[in-house]
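Student:
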Amino acid sequence: MSDAFFTDSEQWRDAIRTLLEAAARRAGPRFAGLGVIITMEPSGLPLYPIGPPLELSGVSDPASMLGDLAVESGAHHDGFHILTAELKLVAVSQYFSPPVVAGLEIDRSRPFGGRYLAALFGSMLPGTLATGIATKALGTIVFSGGQEVYRKLS
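Numbering (this note's numbering), first residue to last: 451 to 604.
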C-alpha cells in the first residue's frame, strides 16, 4: 500500500478505510483506537510527539505497524499517526491540535469526542488530503474537506 498515490477523494476514502479497518483487526480485542492524517505537508501540521521516538524507515506495511501500535498497553497507542500522500508512515503518536473551524456541521445525535473533532477540523488544513479515526465506540470514520465521507460502526 505504501506506493499508492490517489487522485480523487473516493480513492482516499477507500484507502484510509482499508488502512484503519486492517489495523483495528490486527490489534484485536486490545484495540485502543486510532487516528491518522494523510498529508502532503507533514512539517506544516500542528503536532507534538507523545510517545518515545520510533524508527519508521523500514515500515513497508503501515496497516500492520499501526495495528501493532494501537493496543492499550502500547507506548505509541495515543494520538494521531501521520502518513504521506504515498501512505508512507512518517510519524506516530502525535498530539494533534488543529484550529477549530466554525460552521462545520456536527451530528450531535451521535456520540463524538476529542479525536473525532481533531480529525474533522484537521481535514480542513492546507495540504491535508484526509483524516480518519477508528474507535471501539464510534467505528471507522474518514473525513475530507471538513465532512464525514465514510462511517461504519464496529
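Cβ coordinates follow ideal geometry from the N, Cα and C atoms, glycine included. None of the values given here were measured: they were computed from a predicted structure.
Are there three or more Cβ pairs, one per stretch, closer than 8 angstroms when the stretch 503-520 is compared with the stretch 479-486?
Tutor: In short, these stretches touch, since the Cβ pair count reaches three.
Student: Can a CB atom of chain C be found closer than 9 angstroms to the CB of Thr-585?
Tutor: Annotation note: the requested chain C is absent from the structure, which comprises a single protein chain.
Student: Within 8 angstroms, do at least three Cβ pairs link the stretch 493-512 to the stretch 585-598?
Tutor: Flag = no, the stretch 585-598 and the stretch 493-512 do not touch.
Student: Looking only at C-alpha atoms, which of Gly-529, Pro-561, Gly-524, Leu-470 sits nearest to Ser-514?
Tutor: By one-based count along the sequence shown, residue 514 stands at place 64. Of the listed residues, the one whose Cα sits closest to Ser-514 is Leu-470.
Student: Please list the terminal residues of the continuous alpha helix (DSSP H) segment that includes Ser-514.
Tutor: Sequence index remark: in the sequence shown, residue 514 carries index 64 (1-based). From DSSP, the alpha helix (DSSP H) with Ser-514 extends over 512-519.
Student: Can the beta-carbon of Pro-512 be found closer than 9 angstroms to that of Leu-537?
Tutor: As a first step, residue 512 is located in the sequence shown; it is residue number 62 there, counting from the start. As a first step, residue 537 is located in the sequence shown; it is residue number 87 there, counting from the start. Yes, these two residues count as a Cβ contact at 9 angstroms.
Student: Note down the Cα distance separating Tyr-545 from Gly-564, rounded to an integer number of angstroms.
Tutor: Within the sequence shown, numbered from 1, the residue matching residue 545 stands at position 95. Within the sequence shown, numbered from 1, the residue matching residue 564 stands at position 114. Taking the straight line from one Cα to the other gives about 11 angstroms.
Student: Would you please state the rounded distance, in angstroms, between the beta carbons of Pro-554 and Gly-596? I believe it to be under 8 angstroms.
Tutor: For this step, residue 554 is matched to residue 104 along the sequence shown. For this step, residue 596 is matched to residue 146 along the sequence shown. According to the sequence displayed, residue 554 carries Leu and not Pro. Indeed, because the Cβ distance is near 5 angstroms, the residues count as touching under 8 angstroms.
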